[in-house]
Structure formats: C-alpha cells, structure tokens
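Heads up: the sequence shown begins at 3 in full-length UniProt numbering, then just goes up one per residue. In this text, a Cβ means the ideal position worked out from N, Cα and C, and glycines have one as well. No experiment lies behind these values; they were computed from the predicted model shown.
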Amino acid sequence: TSAQIGVTGLAVMGRNLARNFARNGYTVAVHNRTVARTNALMEEFGHEGEFVATETAKEFVAALERPRRLMIMVKAGEPTDTVIQEFAPLLEPGDMIIDGGNAHFADTRRRERALREQGIHFVGTGVSGGEEGALHGPSIMPGGSKESYESLGPMLEKISAKANDGAPCVTHVGPDGAGHFVKMVHNGIEYADMQLIGEAYQLLRDVAGYSPAQIADIFRTWNTGRLDSYLIEITAEVLSHVDAATGKPFVDIVEDRAEQKGTGRWTVQIALDLGVPVSGIAEAVFARSLSGHADLRAASRGLAGPKATQLGEAAAFADRVEQALYASKIVSYTQGFHEITAGSTEYDWNIDLGAVASIWRGGCIIRAAFLDRIRAAYDARPDLPSLLSDETFAQEIAAAQDDWREVLVAATRQGVPTPGFSAALAYYDALRAERLPAALTQGQRDFFGAHTYRRTDREGSFHTLWGGDRSEVEA
Ligand code: NDP
C-alpha cells in the first residue's frame, strides 16, 4: 500500500488531522517518535479508514506515494527542526514537507530556503480550530510554492471546514512563510476579540449590574445579530456554566490570570518591526500580561477609585455595549489586515486579503458571520487602503460611535478598565483627525536633536536654530 499523505507527530492535533484525512478516503501513513502513540491511534481509530502504521522514519517515508507528502505536527520550535533533519535526507526532489505546527514565519522562511536547495517543497501551514477543528474541518493557511499547492490543495480542501456558502476554508496564502504569518495575525486578532468580549462582560457586570447568567443571555441574543461568531457563542456557554463543587458561577471560581502561548506577542513584535499600529492587539496582549502580575495587583488594590455614580437603564446600556463591541471589533480587524498587507509587501507575498477573510469564515477560532462582510469589502475593492474606508463599515461605525463614546465615559466614571475599547476608539479618532500632535513631536525632536522636520507649505527638510536666533535653515 502506498499512502497519499503521512502524518508524523500524533498528539491531539496530528492524530485528529490523520483521522480527518482517513475519514475523507485518503490512505494515511502515521508515525510518532514514541511508538505508543501510533499504536493507540491504530487501536482506537484504526477502523475509521486506511492507515499505514509505521515505526521508523525509513518505514514512514517508504509508505508514501511519490511525490511524497509528509506532514509534521510536532511541537513548534526546535522539535520541528529535529524532525526535518531526520526526514529530509530520506526524501527526493519534488517531495513535500508540510509543517502544520504553530511555527514562527521567520523559521518557516529559513526552513523553506534550506529545503528548496534540496528540491524539497516546504509548506509552512497555519492550522486553526484546535482539536475539534483538526478532526471535523479546520481553517487551513498553507504557504510554500504554487507547485506544492497544486498537489496538496485538493486534499486540504477536502479536509478543511466549509464556509456557509460551501467554499472550503483553505487557500494558497502565498510563498514561503505567508501561511504562518497569516496564522499568526489570526491569533493576534483572536486575542483582541477575546479581550473586547471580556471588557463587554465586565461592563455588563460591574456597570450594569447583570449576573453572569443574565450576561450569557445577552451574549446569546447578540449572537443572533451581526456579532454572530464562535467566540460569542462559547462566551455564553462559559458564562452560564455553574461550578458543581460550589454552586457558584464558573467565572467566579477561576483565577483571573490569563495565560498565553506567544502567538499574540509575535503579532505585536512583528507589527512593531513593520511599523504597523496594532494597538488593539497590543492592548489585548498587555491585558493578559497585567492580569498575571499578582504581586503588583495586590500591592495596588488599595489605590483610590472613583465615587460610584448612577447608571441609567441597564438594558439601554447593554445595547450601547453591543455597539461599542462591534465598532471596536471592526477596528481590530482593520489593524490585523493592515499587518497582513504590510507583511505581504515586505516579503513579496501578494496575499489576497479577500481570500484570507474567506477562509476564516469557518473552522477557526475567530470564525464569524462578520468575516463574510470583510471578504465582500476586499472582493469589491482589493486595493482598499483600510477596512475603515469600506463604505459599509464606515457607516456602521458612524452609527455606533455615539454609543461607543458613551460606554467609555461610563467605564471611565466607574473605573472599569477598557484598554481594548479605548485603544480602538483612539485609533479611529487619530486616523480621522485633520491634524495630529505629531507636528509638535517633530518640533521637540528638532529642538533637542536637530532631527529636522518637513513643512506643510514647501518641499525639503528644515531645522530651526533653537539655541540661536531661531531662524530656519534648510537641512
Ligand atoms: P504538542 O505541541 O504537545 O506536541 C507533541 C508532539 O510533538 C508529540 O507527537 C511529540 O512526540 C512530538 N515531539 C515533541 N518533541 C519532539 C522531538 N524532539 N522529536 C520528535 N517529536 C517530538 O502537540 P499538539 O498536537 O498540541 O500540537 C502540534 C502542533 O500543532 C504544535 O506545533 C502546536 O503549536 C500546533 N497547533 C496546536 C493547536 C492546539 O489546539 N493544540 C492548534 C493549532 C496548532 P512524543 O509523543 O514522542 O512525545
């Protein structure tokens, strides 16, 4: 038997992807460093389709039809390099190594370059949807060569999630690291979405006075409208869950310290390198970091807060929070797509933004009805300078902004932190501003460092002799 695809690394993700391939009629060779995992897969799920269980690297490679398609689902980082080094010498020109782990796109670029010299296609592939997605259909973001996608694409389309219109949630994102880059930004946007939802929850709780169960119902209602999304749906589930041991709301017995694995941080680090303002994503990463500083928080607990003020009607406030959440969400996607545009330009990836929005409609963590609107916006105008310049989104923000501002006034008065909502509004107001204080910044820089400035009325660079007679010289 020769397998159409091989999967090595059979922890939750690899095992479920292998099963997904097999359930879709492919013959799948399976391999894992520790053979026990391979055996467990065969015992539990071997009946689901055609598997070829292998123990050694040689056996694994020999089980694959040519050109070989070998998928790696091991721990990101060094383990991935170890596994590549183990298999690459056994492969031939034209073979493909697909890395479905959460690799940093710079590592993917490095690996792709090295393997290309051997004639091997290295396909760094973002996979989103967690364990369930891997089994039932993830959103898949492959990079690598066009040629490799011709061979792999049909298989990936088969195992991927399908959007509402039936379109597979996979596309050839672009060469080398493009797929992992887009997966990284997906995760950054996921952080922002979660933070914004968290802020909405806290406002409904601390400002409007709703209980977790009531807030769950509010989220359920929101989920029938324009906020319809997986994250809103699971938020309602988490909020209505009651702890069996204490009878208390689950959210009240969980430690309020958010952890992270690093993809959100990468999104912000790379945005800083590329000069892209992703303030909403950055605030989301910082909010998790702040939550983890237990000592700092304990030491600050006695700091003064505002006097309690009266809130109007709670239901009306909840409607405003929905507006604020939606407007802030538009801004964080605007920032995320800006980062993809900047990466695409920097690395010559030629990424189709409409296609990215399209493959995020199903399977992945940020899947949402909203993404279909982003797809439509980019399909109508592929050169859209920013999502905010799309007429529909601009109108929606225009309609939401009064409520958005009111919510932030209430949050400020009550002392409820809203870094995500606030950063989003500041970004919006800064972009639409006629003049920014950056002119003053330039003046200060010229004053202390003779860094020069440009004038609004003439070409050229100028410097004012601040320490002298303050006349202006051309720099
Ligand atoms: P883990 O990240 O926990 O990795 C465990 C697997 O890696 C095991 O098969 C393990 O083999 C193998 N491994 C670790 N080190 C080595 C090594 N030095 N040499 C060979 N094999 C090694 O598994 P997951 O299934 O959670 O994730 C797999 C990949 O998918 C990761 O890159 C992860 O970031 C990514 N991912 C995970 C998602 C999730 O929801 N979990 C979602 C999307 C992507 P052994 O059994 O022998 O220890």
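For the alpha helix (DSSP H) containing V54, list its first residue and its last residue. No alpha helix (DSSP H) contains V54, which is instead part of the beta strand (DSSP E) from 53-55.
Per DSSP, I99 forms a beta bridge with which residues? L72, F124, per the DSSP bridge assignment.
Which residue comes first and which comes last in the beta strand (DSSP E) that contains V475? For V475, the uninterrupted beta strand (DSSP E) run begins and ends at 474-476, by DSSP.
Cβ shell of residue 2 (< 7 Å), same chain only, five flanking positions each side left out: Nothing about residue 2 can be reported from this structure: the residues present for the chain run from 3 to 477 only.
First and last residue of the uninterrupted beta strand (DSSP E) at I142: Counting along the chain, the beta strand (DSSP E) containing I142 begins and ends at 141-144.
Taking 9 Å as the cut-off, decide whether the C-beta atoms of R113 and T82 are in contact. Cβ atoms of R113 and T82: closer than 9 Å.
Assuming A286 and Y193 form a contact by the criterion Cβ under 8 Å, report the distance between their Cβ atoms to the nearest whole angstrom. The beta carbons of A286 and Y193 sit about 4 Å from each other, so the pair counts as a contact at 8 Å.
Thinking M15 and M75 are a contact (beta carbons under 8 Å), I'd like their distance in whole angstroms, please. The beta-carbon separation of M15 and M75, rounded to 5 Å, stays under the 8 Å limit for a contact.
Threshold first: 3 residues or longer. Then list the beta strand (DSSP E) segments lying entirely within the segment 10-44, N to C. 30-33, all fully within the segment 10-44.
Report the residue from P95, L66, V278, V37 whose alpha carbon sits nearest the alpha carbon of T58. Checked all of P95, L66, V278, V37; the closest Cα to T58 is V37.
When you compare only the Cα positions, how much space is there between E80 and V209? CA-CA distance, E80 to V209, rounds to 47 Å.
Can you give the Cα-Cα distance for L241 and W224, rounded to whole angstroms? Taking the Cα positions, L241 is about 14 Å away from W224.
Whose C-beta lies closer than 7 Å to the C-beta of L467 among residues of the same chain, with five residues either side of it excluded? Only S473, V475 meet the Cβ criterion.
What's the call for F183, buried or exposed, on a 16-neighbour Cβ count within 10 Å? Under this definition F183 is a buried residue.
I need the straight-line Cα distance from G8 to N166, nearest angstrom please. Approximately 30 Å between the Cα atoms of the pair.
Less than 9 Å separating the beta-carbons of D321 and D230? Not in contact: D321 and D230 (Cβ atoms no closer than 9 Å).
Comparing C-alpha positions only, which one of R71, S293, E50, R39 sits nearest to T56? With distances taken between Cα atoms, T56 lies closest to R39.
Need the endpoints of the beta strand (DSSP E) that T420 sits in, please. From DSSP, T420 is part of no beta strand (DSSP E); its letter is neither H nor E.
Where does I191 fall in DSSP's three states? Shown here, I191 sits in a helix according to DSSP, grouped into three states.
Using only the heavy atoms of the ligand NDP, determine whether one of them is closer than 8 Å to the beta carbon of N22. Not under cutoff, so the answer is no.
Shorter than 8 Å, the distance from the beta carbon of N166 to the closest heavy atom of the ligand NDP, or not? Every heavy atom of the ligand NDP is 8 Å or more from the Cβ of N166, so no.
With DSSP as the reference, identify every bridge partner of Y455, one or two as the case may be. Looking at the DSSP output, Y455 shares a beta bridge with F464.
Proximal residues to F47 (C-beta, below 6 Å), its chain only, five neighbours per side dropped: Hits under 6 Å: R21.
Exposure of E341, with buried meaning 16 or more beta-carbon neighbours within 10 Å: E341 counts as buried, since at least 16 other C-beta atoms from the protein chains shown sit within 10 angstroms of its C-beta.
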